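With numbering that gives the first Met the number 0, letter number 42 in the sequence shown gets 41, and the count goes up by one each step, no holes.
Backbone N, C-alpha and C define an ideal beta-carbon position, used for all residues, glycine too.
As the structure is a prediction and not an experimental result, all values here were calculated from the model.
The structure appears right after this line, and notes come after that.
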Amino acid sequence: MAKLATVLACVVALSAAGCGDGAPDPCARLAGACVEVHVSSSTIETIEAIDQLELDVLFGDSHGTTATQPEGGGTVALPLVTAIELELTATVDIGVVAAGKLGGVVLGTGAASTSLAPGARTTIDIVLAPPAVCEAGGFYCGGDKLAGDAQTLYQCNGGGVPLARGRCTYGCTIRPSADDVCDGGPMTCIEGGFYCGGNELAGDPRTRYRCVGGVATSPMRCANGCVIAPAGTDDFCR
0 MAKLATVLAC VVALSAAGCG DGAPDPCARL AGACVEVHVS SSTIETIEAI
50 DQLELDVLFG DSHGTTATQP EGGGTVALPL VTAIELELTA TVDIGVVAAG
100 KLGGVVLGTG AASTSLAPGA RTTIDIVLAP PAVCEAGGFY CGGDKLAGDA
150 QTLYQCNGGG VPLARGRCTY GCTIRPSADD VCDGGPMTCI EGGFYCGGNE
200 LAGDPRTRYR CVGGVATSPM RCANGCVIAP AGTDDFCR
């Protein structure tokens, strides 16, 4: 459906966003489907400039992270523009989370979502705001201490961009005293069966669990993602 390597290899260097005919077109040099990313600062605490933009991209059933910097080094003032190229064979939903950094310190994070067809281009706007404090390694629904989509589960990445774990088909549940989880939905899991989080068992979409008494047990993290198998077959790590 989409090639992960393309995301990592084809992110355009940061440049200041302008107006009118002289404004840069970051998609112009890219051959595939392109997401033009406009990044600005919130008014809560103004971010004047950054020297690195980290991006977490969730597209279809694929995921990738990358970073881009100004050509020639130095800093670039906000607002700025960059682009992400994707090689697609079908229309996919895309979620992008960004972290603007200066001297290795995250000044602000923001997120936006869109959909994109093969060979097409679209534009998203991301507003960077000061991040809330989250527990490194913990799981959070988008908007709960982490920038992101409310129906997607993310991992707190201390000192970097939040990392998408996966979309929650049945919604994402905020749990103040524990990791947030993707809801398992209305179906009841089969005793002893194995399920990805969010598929009949509440949990992390990139973790496989065993159903015991209707509860998720024996969590096993899947390095390359968890695959939901056809009904009657155990889910498995990719």
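Unbroken beta strand (DSSP E) run spanning residue i, endpoints
| i | result |
| --- | --- |
| residue 144 | Here residue 144 belongs to no beta strand (DSSP E), and DSSP marks it neither H nor E. |
| residue 83 | 79-85 |
| residue 186 | Segment: none, residue 186 is in no beta strand (DSSP E) and carries neither H nor E. |
| residue 68 | Careful: residue 68 lies outside any beta strand (DSSP E) and carries neither H nor E. |
| residue 210 | 206-211 |
| residue 154 | 151-154 |
For residue j and residue i, believed in contact at Cβ under 8 Å, the rounded distance
| i | j | result |
| --- | --- | --- |
| residue 140 | residue 152 | 6 Å |
| residue 96 | residue 177 | Actually they are not in contact, since the Cβ atoms of residue 96 and residue 177 sit about 22 Å apart, beyond 8 Å. |
| residue 265 | residue 144 | The shown model of the chain, from 0 to 237, leaves out residue 265, and the question about it has no answer. |
Alpha-carbon spacing of residue i relative to residue j, whole angstroms
| i | j | result |
| --- | --- | --- |
| residue 68 | residue 161 | 18 Å |
| residue 237 | residue 155 | 23 Å |
| residue 209 | residue 196 | 10 Å |
| residue 56 | residue 207 | 22 Å |
| residue 128 | residue 219 | 34 Å |
| residue 168 | residue 150 | 8 Å |
| residue 215 | residue 201 | 7 Å |
| residue 146 | residue 217 | 29 Å |
| residue 221 | residue 52 | 27 Å |
| residue 59 | residue 142 | 21 Å |
| residue 137 | residue 35 | 30 Å |
| residue 230 | residue 37 | 42 Å |
| residue 232 | residue 172 | 26 Å |
| residue 125 | residue 194 | 34 Å |
| residue 203 | residue 188 | 16 Å |
| residue 31 | residue 122 | 14 Å |
| residue 62 | residue 100 | 21 Å |
| residue 198 | residue 54 | 27 Å |
| residue 226 | residue 192 | 14 Å |
| residue 148 | residue 114 | 14 Å |
Residue environment, residue i, which counts as buried when at least 16 other CB atoms sit within 10 Å
| i | result |
| --- | --- |
| residue 82 | buried |
| residue 40 | buried |
| residue 108 | buried |
| residue 190 | exposed |
| residue 212 | exposed |
| residue 170 | exposed |
| residue 20 | Legend: pLDDT at residue 20 = 44, less than 50; position of this residue unreliable, value from coordinates given subsequently. That one is exposed. |
| residue 174 | exposed |
Count the C-beta pairs between the region 38-46 and the region 83-96 that are closer than 8 Å, then say yes if the count reaches three, no if not. no
The region 112-125 / the region 176-187 touching (three or more Cβ pairs under 8 Å): no
Measuring CB atoms only, is the region 27-37 touching the region 68-77, in the sense that at least three cross pairs come out at less than 8 Å? The region 27-37, when compared against the region 68-77, does not touch it at the 8 Å Cβ threshold.
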